[in-house]
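Trainee: Residue 5 is where the sequence shown starts when you use the numbering used here, and the numbers rise one by one after that.
Below is a structure I'd like to ask you about.
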Amino acid sequence: MATVEGLSARYANFLVHPLLPGTGVCQVCRGPAKPGCPACWQCHEARRILGSGVADAVVPLSLSLKNEQYANELWRYKNTAGPQRQYFRMGLAAVLWRFLVLHEGCLAAHCAVPGFDVVTTVPSTSGREGHPLRTMVAEMVGVTRDRHRDLLTPTPDAATLARAASASRYTSSVLWGESVLLIDDTWTTGHHVQSAAAALKASGAGSVAAVVLGRHLNTTYGDTATHVERARLRRFSWDACAVRPWSHA
Ligand SMILES: [Zn+2]
Ligand SMILES: [Zn+2]
5 MATVEGLSAR YANFLVHPLL PGTGVCQVCR GPAKPGCPAC WQCHEARRIL GSGVADAVVP
65 LSLSLKNEQY ANELWRYKNT AGPQRQYFRM GLAAVLWRFL VLHEGCLAAH CAVPGFDVVT
125 TVPSTSGREG HPLRTMVAEM VGVTRDRHRD LLTPTPDAAT LARAASASRY TSSVLWGESV
185 LLIDDTWTTG HHVQSAAAAL KASGAGSVAA VVLGRHLNTT YGDTATHVER ARLRRFSWDA
245 CAVRPWSHA
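Pasting the structure below:
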């Protein structure tokens, strides 16, 4: 019988822990930041535009490196057909499940909430029906499916906003202070996730924490290769905490 541990096991060969916040590392998305700057340009922009609407915590499960295995899987689970697509969906659902079992409590503690009442996903603004990430969170992942709610809807403006962070990209169902765990697959600029967080907060969410499967980086861009080489020095372990600088082992 397929188990979460079995289905996720092979990912330990190629997942890469993001660097912990510090010099040269964005304290929001863990991508490269200019020395002396606490955040990268994109996260700085999101904060400037959305203010306290940005997520209270962002946790990338792994780096997702352009042209490498994990980035390819994060593309294929949406864009291939047939048994291959199902294989990648099962794998990525297991990765998310295993990660949340180990670290969701750490994330809640980090946000100073007892837990997350609701789990939702960032909807596609391209209008893809039945987004596969939603299927994973709402149906496949055992620790999220009972808490899943479809909260967010892209606005008619969403398509024209390109990737910009905007408080008018999404609308959310009304909330009454519930803490929300917001899941997305790939973080490139982070502007979709942050716009979604802002919509949730504007509609009454309490704390909003974002978990993204992959922090996308292109190692041919600027000094990203050096950043990634530093990250690779830390061997991947499921027990290494994504929120605090310790291991659960
Ligand atoms: Zn950043
Ligand atoms: Zn942890």
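Every residue gets a Cβ at the ideal spot worked out from N, C-alpha and C, and that includes glycine.
I'd like to confirm something about V126: is its beta-carbon nearer than 7 angstroms to some heavy atom of ligand 2, or not?
Mentor: no
Trainee: Quick check on this structure: which residue in I187, T175, P158 has the alpha carbon closest to the alpha carbon of V123?
Mentor: I187
Trainee: Mind checking who D188 pairs with in its DSSP beta bridge?
Mentor: V216
Trainee: Quick check on the burial criterion: 16 or more other C-beta atoms within 10 angstroms. Buried or exposed for G35?
Mentor: buried
Trainee: In chain order, what residues of the same chain lie with their CB nearer than 7 angstroms to the CB of G57, ignoring the 5 residues before and after it?
Mentor: A171, A201, A202, K205, A206
Trainee: Per the DSSP calculation, V178 is bridged to which residue(s)?
Mentor: Answer is none; V178 lacks a bridge partner.
Trainee: Out of curiosity, what's the CA-to-CA distance linking A166 and P158?
Mentor: 12 angstroms
Trainee: Tell me whether the stretch 71 to 82 and the stretch 16 to 28 touch, counting them as touching only if at least three CB pairs, one residue from each stretch, are closer than 8 angstroms.
Mentor: yes
Trainee: Of all residues in the structure, which have a C-beta closer than 6 angstroms to any heavy atom of ligand 1, taken in chain order?
Mentor: C30, V32, C33, G35, A43, C44, Q46, C47
Trainee: Check the DSSP bridge columns for V147 and list the partner residues they point to.
Mentor: Paired residues: none, contrary to the question.
Trainee: Could you give the distance in angstroms between the alpha-carbon of G134 and the alpha-carbon of L156?
Mentor: About 13 angstroms.
Trainee: State yes or no: is the C-beta of L65 nearer than 7 angstroms to some heavy atom of ligand 2?
Mentor: Result no, Cβ not under 7 angstroms from ligand 2.
Trainee: Would a C-beta distance cut-off of 8 angstroms place F103 and L65 closer than the cut-off?
Mentor: yes
Trainee: Hey, how far is the Cα of G28 from the Cα of M5?
Mentor: 44 angstroms
Trainee: Pull up the DSSP beta-bridge partners for V122, would you.
Mentor: Per the DSSP secondary-structure output, V122 pairs in a beta bridge with V184.
Trainee: Pull the bridge partners of A61 from the DSSP assignment, please.
Mentor: A213
Trainee: Between which two residues does the alpha helix (DSSP H) holding T224 run?
Mentor: From DSSP, T224 is part of no alpha helix (DSSP H); its letter is neither H nor E.
Trainee: Whose C-alpha, out of L179, G181, V145, is nearest the C-alpha of L11?
Mentor: V145
Trainee: Return yes when the Cβ of W250 is within less than 8 angstroms of the Cβ of R219, no when it is not.
Mentor: no
Trainee: Can you list every residue whose CB sits closer than 5 angstroms to some heavy atom of ligand 2, going in chain order?
Mentor: H107, C110, C245
Trainee: Quick check: the Cα distance between A61 and Q90, rounded to an integer number of angstroms?
Mentor: 30 angstroms
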